[in-house]
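So the structure is just underneath, and the comments pick up after that.
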Amino acid sequence: MLLTNYQTDSFYDEMFSEEGGIRQSYHILKSRIEGMDDKELLKRKASAEKALLSLGITFNVYGDDEEEERIMPFDIIPRIVTSFEWKRMEEGLKQRIRALNLFIQDIYGDEKIIKDGVIPAEIVYSSSGYLKECKGIKPPKGIWIHITGTDLVRDGDGQMLVLEDNLRCPSGVSYVLENREVMKKTFPELFASLSVRPIYDYPIRLRGMLEHLSDKPNPNIGVLTPGIYNSAYYEHSFLASRMGVPLVEGTDLTVRDDKLYMRTTKGLKQVDVLYRRIDDTFMDPKTFRKDSLLGVPGLFEVFKKGNVALANAPGTGVADDKVIYSYVPDFIKYYLGEEPIIPNVPTYLCSRENDLKYVCENIGNLVVKAANGAGGYGMIIGPVASEKEKEEFVGKVKADPRNYIAQPVLSLSRIPTLIEDKLEGRHVDLRPFILYGEEIYVMPGGLTRVALRRGSLVVNSSQGGGSKDTWVMG
Numbered sequence: 001m002l003l004t005n006y007q008t009d010s011f012y013d014e015m016f017s018e019e020g021g022i023r024q025s026y027h028i029l030k031s032r033i034e035g036m037d038d039k040e041l042l043k044r045k046a047s048a049e050k051a052l053l054s055l056g057i058t059f060n061v062y063g064d065d066e067e068e069e070r071i072m073p074f075d076i077i078p079r080i081v082t083s084f085e086w087k088r089m090e091e092g093l094k095q096r097i098r099a100l101n102l103f104i105q106d107i108y109g110d111e112k113i114i115k116d117g118v119i120p121a122e123i124v125y126s127s128s129g130y131l132k133e134c135k136g137i138k139p140p141k142g143i144w145i146h147i148t149g150t151d152l153v154r155d156g157d158g159q160m161l162v163l164e165d166n167l168r169c170p171s172g173v174s175y176v177l178e179n180r181e182v183m184k185k186t187f188p189e190l191f192a193s194l195s196v197r198p199i200y201d202y203p204i205r206l207r208g209m210l211e212h213l214s215d216k217p218n219p220n221i222g223v224l225t226p227g228i229y230n231s232a233y234y235e236h237s238f239l240a241s242r243m244g245v246p247l248v249e250g251t252d253l254t255v256r257d258d259k260l261y262m263r264t265t266k267g268l269k270q271v272d273v274l275y276r277r278i279d280d281t282f283m284d285p286k287t288f289r290k291d292s293l294l295g296v297p298g299l300f301e302v303f304k305k306g307n308v309a310l311a312n313a314p315g316t317g318v319a320d321d322k323v324i325y326s327y328v329p330d331f332i333k334y335y336l337g338e339e340p341i342i343p344n345v346p347t348y349l350c351s352r353e354n355d356l357k358y359v360c361e362n363i364g365n366l367v368v369k370a371a372n373g374a375g376g377y378g379m380i381i382g383p384v385a386s387e388k389e390k391e392e393f394v395g396k397v398k399a400d401p402r403n404y405i406a407q408p409v410l411s412l413s414r415i416p417t418l419i420e421d422k423l424e425g426r427h428v429d430l431r432p433f434i435l436y437g438e439e440i441y442v443m444p445g446g447l448t449r450v451a452l453r454r455g456s457l458v459v460n461s462s463q464g465g466g467s468k469d470t471w472v473m474g
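Heads up, the sequence shown is in the UniProt record's numbering, so the first residue is 1 and it goes up one at a time.
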């Protein structure tokens with residue numbers, strides 16, 4: 001039996017308790033796995049991989065000459081979350097998004113949080129995500145952050161923590177939806193016996209949120225993609241198709257008389273709402289990067305004049321900055337008068353003299369990250385780094401302390417994962433997706449990313465990670 005020799009080691013395990021007993025939410029799954037022979041489970045794994053291959057669920061890896069496009073690795077052992085635990089996570093995420101939206105509104109408005117000394121002005125203004133061009137802008141309905149993917153991790157004590165916020169163009173929701181469809185076919189009897197909360201309506205909710213941003217009864221919506229070579233192009237086309245709206249590139253759009261239009265076979269058609277999957281500074285060469293071939297000249301001016309809604313609004317990337325992330329608990333207290341429901345991972349700011357000294361002296365025991373790094377790049381995991389790597393990274397930090405943070409190496413929780421022909425524990429995180437429209441909606445589940453390499457803590461797909469389906473109990 002695959003579960004007979006499974007070892008939790010010294011890590012918090014999502015399926016088994018420290019004493020080796022099964023956690024209540026996993027009883028039925030464990031019984032089902034034990035009720036089939038090993039060959040049957042491996043056969044279902046092969047069937048799931050074949051289904052994903054036929055769907056063409058891929059991502060691109062930049063800088064990889066051997067293989068530009070890859071199939072997203074998928075593991076058929078699901079992650080299960082109780083309704084009680086999910087309720088707390090949902091409340092914590094809603095609280096966090098409210099505070100972040102108020103922060104972004106404030107720093108591009110009256111700057112009260114800076115004047116009251118909650119966050120230093122230089123921290124905000126020096127962020128690469130801060131856009132001075134957004135000063136004084138008021139986006140439709142006062143919402144800046146429409147789609148968020150917040151990364152959560154569970155530490156060695158079982159506590160859920162926020163690892164980082166992703167507010168610009170968070171990716172991965174298409175994998176969540178496709179994984180679920182594959183799992184329904186892989187374990188149909190489990191879905192019949194468990195009350196798993198549905199997620200199929202996410203594209204409907206996404207479209208409803210986008211429609212909410214316009215005052216028109218039937219607004220014209222488009223999804224703006226950088227093109228087929230973008231790492232998340234599959235997702236762009238997937239979401240556009242599921243919402244029933246056009247997928248467009250910059251060359252498909254034009255600005256006329258301070259309005260945005262889409263070129264069609266029947267002539268120009270005005271666009272009222274644009275879900276952009278393109279970074280801020282590439283979206284308009286007239287306002288930002290003049291060398292951008294991806295954006296639409298004049299788009300930002302159309303947005304400023306209120307003639308098109310953009311999701312997410314330009315300027316939200318300031319809250320993706322990992323230095324500003326460390327202040328989010330303060331934002332929650334300042335704007336909402338509440339204690340954070342889900343705490344941050346303890347964080348050292350290298351821009352602080354004492355923190356910098358500590359980080360440089362203890363880099364071998366820390367994870368050090370660039371403030372705007374992503375995809376597992378621009379970081380060092382001290383315990384597995386060589387002396388040369390640590391020395392070089394200390395030099396980078398000292399040269400630009402504002403743009404680095406450090407955190408303790410967390411013993412991320414693990415979950416049984418089918419590796420070749422046996423079940424082994426692998427570290428995971430969780431990225432729930434949040435929509436902010438007429439109300440805040442948190443998809444029940446999200447993308448559980450799994451570090452498939454033995455001992456690895458890096459779950460990013462670009463670094464060899466895969467994904468699991470996440471089941472929230474009803």
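Idealized CB from N, CA, C, for every residue including glycine.
Identify whether residue i lies in helix, strand or coil by the three-state DSSP scheme.
| i | result |
| --- | --- |
| Gln270 | strand |
| Gly20 | coil |
| residue 511 | Here the chain has residues from 1 to 474 only, and residue 511 is not among them. |
| Asp64 | Only weak support is given to the placement of Asp64: the predicted model assigns it a pLDDT of 49, under 50, and the value that follows is read from those uncertain coordinates. Reduced to three states, the DSSP call for Asp64 is coil. |
| Asn230 | coil |
| Gln407 | strand |
| Lys369 | strand |
| Val162 | strand |
| Gly337 | coil |
| residue 504 | With the chain covering 1 to 474 only, the question about residue 504 has no answer from this structure. |
| Ile119 | coil |
| Asp106 | helix |
| Ile440 | strand |
| Thr265 | coil |
| Gly382 | helix |
| Asp75 | strand |
| Val459 | coil |
| Asn362 | coil |
Closest to residue i by CA distance: which of the options is it?
| i | options | result |
| --- | --- | --- |
| Thr254 | Ser231, Gly158, Ile228 and Asp284 | Asp284 |
| Gly395 | Lys357, Lys45 and Gly156 | Lys357 |
| Gly373 | Tyr261, Tyr325, Lys388 and Leu336 | Tyr325 |
| Gly425 | Phe433, Leu457, Glu301 and Pro139 | Leu457 |
| Leu294 | Arg277, Glu18, Lys135 and Phe303 | Arg277 |
| Pro203 | Gly21, Gly244 and Thr225 | Gly244 |
| Arg352 | Thr251, Met473, Pro120 and Leu452 | Pro120 |
| Ala51 | Val124, Arg96, Thr186 and Pro139 | Thr186 |
| Thr466 | Tyr6, Asn5 and Glu49 | One detail in the question is off: residue 466 reads as Gly in this sequence, not Thr. Measuring from the Cα of Gly466, the nearest candidate turns out to be Glu49. |
| Phe393 | Phe74, Glu361 and Leu418 | Glu361 |
| Met209 | Arg23, Ile199 and Asn312 | Asn312 |
| Lys269 | Gln24, Asp252 and Phe303 | Asp252 |
| Val81 | Leu452, Ala451 and Pro444 | Pro444 |
| Asp258 | Leu430, Val296 and Tyr335 | Val296 |
| Arg154 | Asp13, Lys43 and Glu91 | Asp13 |
| Leu93 | Ala371, Ile342, Lys390 and Gln24 | Ile342 |
| Asp280 | Val302, Met262 and Pro314 | Pro314 |
For residue i, verify whether its CB is less than 6 Å away from any heavy atom of the ligand SAM.
| i | result |
| --- | --- |
| Thr254 | Inclusion of the ligand SAM in the displayed structure is not the case, the ligand content being empty and no account of it being possible. |
Could you tell me whether any Cβ in chain D is nearer than 7 Å to the Cβ of residue i?
| i | result |
| --- | --- |
| Pro444 | Among the protein chains of the structure shown there is no chain D, as only one such chain exists. |
By how many angstroms is the C-alpha of residue j removed from the C-alpha of residue i?
| i | j | result |
| --- | --- | --- |
| Ser128 | Arg402 | 11 Å |
| Ser241 | Lys388 | 48 Å |
| Thr316 | Glu439 | 19 Å |
| Asp291 | Met72 | 32 Å |
| Tyr234 | Ser174 | 8 Å |
| Leu310 | Ile28 | 44 Å |
| Val124 | Asn365 | 29 Å |
| Ser386 | Ser411 | 20 Å |
| Leu247 | Ala232 | 13 Å |
| Gln105 | Thr150 | 19 Å |
| Lys115 | Tyr108 | 13 Å |
| Lys305 | Ser214 | 13 Å |
| Cys350 | Ile143 | 32 Å |
| Glu19 | Leu131 | 52 Å |
| Met36 | Lys30 | 10 Å |
| Asn156 | Asp429 | Sequence check: residue 156 is Gly here, not Asn. Their Cα atoms are separated by approximately 13 Å. |
| Glu66 | Asn230 | Only weak support exists for where Glu66 lies, its pLDDT of 48 falling under 50; the value from the coordinates is given anyway. Going from the Cα of Glu66 to the Cα of Asn230 covers about 17 Å. |
| Met473 | Ser195 | 6 Å |
| Val345 | Arg256 | 47 Å |
What are the residues that DSSP puts in a beta bridge with residue i?
| i | result |
| --- | --- |
| Ile80 | Trp471 |
| Asn220 | Beta-bridge pairing links Asn220 to no other residue. |
| Asp13 | Arg414 |
| Ile419 | Lys422 |
| Lys259 | Arg256 |
| Gly466 | Val450 |
| Gly149 | Asn166 and Phe433 |
Fill in: Unbroken stretches of the beta strand (DSSP E), 3 residues or longer, contained in the stretch 290-316
309-311
Discussion item. As an exercise, report each continuous alpha helix (DSSP H) stretch of at least 4 residues that is fully enclosed by the stretch 155-215, in chain order.
Written reply: 173-186, 188-193 and 202-212
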